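As given, the protein sequences belong to chains A and B, one line each in that order.
Using my numbering, the first residue of the first sequence is number 4, and each one after it goes up by one.
Using my numbering, the first residue of the second sequence is number 4, and each one after it goes up by one.
Every residue, glycine too, gets a C-beta built ideally from N, C-alpha and C.
Treat the numbers as computed from the prediction; the structure is a model and nothing was measured.
See structure below.
Number of protein chains: 2
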Amino acid sequence: MRMPTAPAEKAPRDCTIADALEVVGDRWSLLVVRELFYAQRRFTEIARNTGAPRDILATRLRKLVEHGVIAREQYSRRPQRYEYRLTEAGRALSPVLLTLKRWGHEYVRDGEDPVRFDHSCGHEFMAEVHCTACGDALEPGQLTLDPKG
Amino acid sequence: MRMPTAPAEKAPRDCTIADALEVVGDRWSLLVVRELFYAQRRFTEIARNTGAPRDILATRLRKLVEHGVIAREQYSRRPQRYEYRLTEAGRALSPVLLTLKRWGHEYVRDGEDPVRFDHSCGHEFMAEVHCTACGDALEPGQLTLDPKG
DNA sequence: CGTAGTCGGTTTGAAAACACAACCCACTTG
DNA sequence: CAAGTGGGTTGTGTTTTCAAACCGACTACG
C-alpha cells in the first residue's frame, strides 16, 4: 500500500506567451487566421486552403469566436449562410504571422517563398521587430528581464 | 457497393507560415524555445516551467533537434547529462515570441504582464513590426500580395 | 554500507484530438 | 424534380496527448 503523495509540484511559468498559445497554439488556428487575412471567409474555402478536417475546423472556428479573434456573420438569410471575419484582436495577429512567415522562409523552406508581399514603400515586405519606444531594430543582447516582474 | 470515388481535392496553400508551423506549431514547442531564451537548458527545468508532460517533451526536443532549432549537448560525462541550447535558427524565433507575447498581453490576458523586458534604450520593450526595406512601422493596408507569387 | 534524492528520460493505460467519409438540411440551378 | 452547394454534424477508427509510475546511472548523507 502506498501513501498518498503530495501532488507533484507543477508551476508552469505565468506568461503571456503561454496565454497567447492557449488561444492560437494548435495546428490549425493560425492557418485559419492566415486565410482570413487573405480574405477567404467561407468555411469550405478555409477547409481547403488550410487542409484542416471539417469537424476540427468547425470546433476551431467556434473556439476562435469565443476568444474574440474572429466573428461569425450571416451574409445570406435564405439560405442561411455564414462567413467569418477577423476582429481587431484577429487583425492584431498579423505581426505574429509575418514573423513566422519570415522564419519559415529562412530556416525551414529552402527555395523561394511562394507568397510574397509588397510594402507601400515599393519593396518586398520582410518583417523586422523594432522597439516601440525608441523605434530601433532589435539586436541580439539588447533585452534584459525587468527585475520587478 | 460504392464506387471508388476520386480523392477529394485537397490543395492546402503552399506557404512558409505553414512550413514554420509544422516545426513549432504545437502546444509546447514555442514554450520550450521560450525557456531556452530564459537560459533554462535542462530537461527537468523545461518540463516544470512549460508544464509539458515529460514524454511529450522528450519527443518535442528530438523533433526540434532534428529540425535544427536546438542542439543537444553533453555537459557531464559521469553521470551522463545533457542540456539543450538554441541554434541560430532557434534564436531567430525571438521575433515570433515577442510578437506573440505582446498579443497575449493585449488581447488575452487582462492585467499586468508578469514578465517584462527592458530594451537597451532604457524603456520597457514592446515589439513592433517594421518593413526591413524602408524601416517604417507597418500600418494596416500597406501590404499587397505580389502578383507573381 | 544503506537509503534517499537527482537527472534524463521511457513505459503504461486511459482520455482526448484527429482524420476521413458519409450524412443532413435548406435552399438554388438546370 | 434531380443535381448541386454551403455549412456544417455524425460515426468510426487511428493517432496524440496526458498523468503517473517506473528505470538506470549516478551522488550525497548518515
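To the nearest angstrom, how far is it from the Cα of residue i to the Cα of residue j?
{"i": "serine 123(A)", "j": "glutamine 145(B)", "result": "5 angstroms"}
{"i": "proline 7(A)", "j": "arginine 45(B)", "result": "With a pLDDT of only 32 at proline 7(A), under the threshold of 50, the placement of this residue in the model should not be trusted, and no figure is reported."}
{"i": "alanine 74(B)", "j": "alanine 23(B)", "result": "18 angstroms"}
{"i": "serine 79(B)", "j": "glutamate 86(B)", "result": "9 angstroms"}
{"i": "leucine 148(A)", "j": "cysteine 137(A)", "result": "18 angstroms"}
{"i": "phenylalanine 40(B)", "j": "alanine 61(A)", "result": "35 angstroms"}
{"i": "serine 97(B)", "j": "glutamate 127(A)", "result": "22 angstroms"}
{"i": "glutamate 38(A)", "j": "threonine 19(B)", "result": "13 angstroms"}
{"i": "glycine 28(A)", "j": "arginine 65(A)", "result": "15 angstroms"}
{"i": "arginine 94(B)", "j": "leucine 33(B)", "result": "12 angstroms"}
{"i": "arginine 112(A)", "j": "arginine 84(B)", "result": "33 angstroms"}
{"i": "histidine 108(B)", "j": "alanine 92(A)", "result": "11 angstroms"}
{"i": "alanine 14(B)", "j": "alanine 21(B)", "result": "13 angstroms"}
{"i": "valine 99(B)", "j": "tyrosine 110(A)", "result": "13 angstroms"}
{"i": "threonine 47(A)", "j": "glycine 114(A)", "result": "30 angstroms"}
{"i": "proline 82(A)", "j": "glycine 125(A)", "result": "43 angstroms"}
Please report the residue range of the alpha helix (DSSP H) in which residue i lies.
{"i": "alanine 61(B)", "result": "57-69"}
{"i": "valine 36(A)", "result": "32-40"}
{"i": "glutamate 48(A)", "result": "46-53"}
{"i": "arginine 112(A)", "result": "Here arginine 112(A) belongs to no alpha helix (DSSP H), and DSSP marks it neither H nor E."}
{"i": "arginine 119(A)", "result": "Unbroken run through arginine 119(A): none, as it is neither H nor E."}
Note down, in chain order, each residue of its chain lying with its Cβ closer than 7 angstroms to the Cβ of residue i, except the 5 sequence neighbours on either side.
{"i": "proline 143(A)", "result": "none"}
{"i": "alanine 50(A)", "result": "Arg57 and Leu60"}
{"i": "leucine 141(B)", "result": "Val132, His133 and Cys134"}
{"i": "alanine 11(B)", "result": "Reliability of the predicted coordinates at alanine 11(B) is poor, the pLDDT of 38 falling under 50, and the value obtained from them is presented with this limitation in mind. Once the five neighbours on either side are set aside, alanine 11(B) has no close Cβ partner at all."}
{"i": "aspartate 121(A)", "result": "Glu127 and Phe128"}
{"i": "glutamine 43(A)", "result": "Ile49 and Asn52"}
{"i": "arginine 5(B)", "result": "Because arginine 5(B) sits at a pLDDT of 28, beneath the cut-off of 50, its placement in the model cannot be relied upon, and the point is left open."}
Terminal residues of the continuous beta strand (DSSP E) containing residue i?
{"i": "glutamate 76(B)", "result": "73-79"}
{"i": "aspartate 22(A)", "result": "Note, aspartate 22(A): premise wrong, no beta strand (DSSP E); alpha helix (DSSP H) at 19-27."}
{"i": "arginine 84(A)", "result": "84-89"}
{"i": "arginine 135(A)", "result": "The amino acid occupying residue 135(A) in the given sequence is threonine; arginine does not appear at that position. Neither: threonine 135(A) is in no beta strand (DSSP E) and is coded neither H nor E."}
{"i": "leucine 96(B)", "result": "Looking at the DSSP string, leucine 96(B) is not in any beta strand (DSSP E), and its letter there is neither H nor E."}
{"i": "leucine 148(A)", "result": "146-148"}
With distances taken from CA atoms, which of the options is nearest residue i?
{"i": "valine 68(A)", "options": "Arg51(A), Arg88(A) and Glu131(A)", "result": "Arg88(A)"}
{"i": "valine 35(B)", "options": "Arg63(B), Ala21(B) and His108(B)", "result": "Arg63(B)"}
{"i": "arginine 119(B)", "options": "Glu109(A), Pro150(A) and Arg119(A)", "result": "Pro150(A)"}
{"i": "arginine 16(A)", "options": "Gly125(B), Asp116(B), Asp121(B) and Ala92(B)", "result": "Asp116(B)"}
Among the residues of its own chain, which have a CB less than 8 angstroms from the CB of residue i, if the five just before and after it don't count?
{"i": "threonine 90(A)", "result": "Gly71, Val72, Ile73 and Ala74"}
{"i": "tryptophan 31(B)", "result": "Thr53, Ala55, Ile59, Leu60 and Arg63"}
{"i": "aspartate 139(A)", "result": "His133"}
Give me, in chain order, the residues of the same chain whose beta-carbon lies closer than 6 angstroms to that of residue i; leave out the 5 immediate sequence neighbours on both sides.
{"i": "alanine 130(B)", "result": "Leu101, Thr102 and Arg105"}
{"i": "valine 26(A)", "result": "His70"}
{"i": "glutamine 77(A)", "result": "Tyr85"}
Cβ-based contacts, 9 angstroms cut-off: residues of the region 113-131 of chain B near chain A: Glu115, Asp116, Pro117, Val118, Arg119, Phe120, Asp121, His122, Ser123, Cys124, Gly125, His126, Glu127, Phe128, Met129, Ala130 and Glu131
What are the residues of the region 90-112 of chain B that lie near chain A, defined by any Cβ-Cβ distance shorter than 8 angstroms? Listed by position along the chain: Ala92, Arg94, Ala95, Leu96, Ser97, Pro98, Val99, Leu100, Leu101, Thr102, Leu103, Lys104, Arg105, Trp106, Gly107, His108, Glu109, Tyr110, Val111 and Arg112.
Can you pull out the residues from the region 18-30 of chain B whose beta carbon lies closer than 9 angstroms to at least one beta carbon of chain A? Cys18, Thr19, Ile20, Ala21, Asp22, Ala23, Leu24, Glu25, Val26, Val27, Gly28, Asp29 and Arg30
Taking Cβ-Cβ distances below 8 angstroms as the criterion, which residues of the region 46-64 of chain A are in contact with chain B? Arg51, Asn52, Thr53 and Gly54
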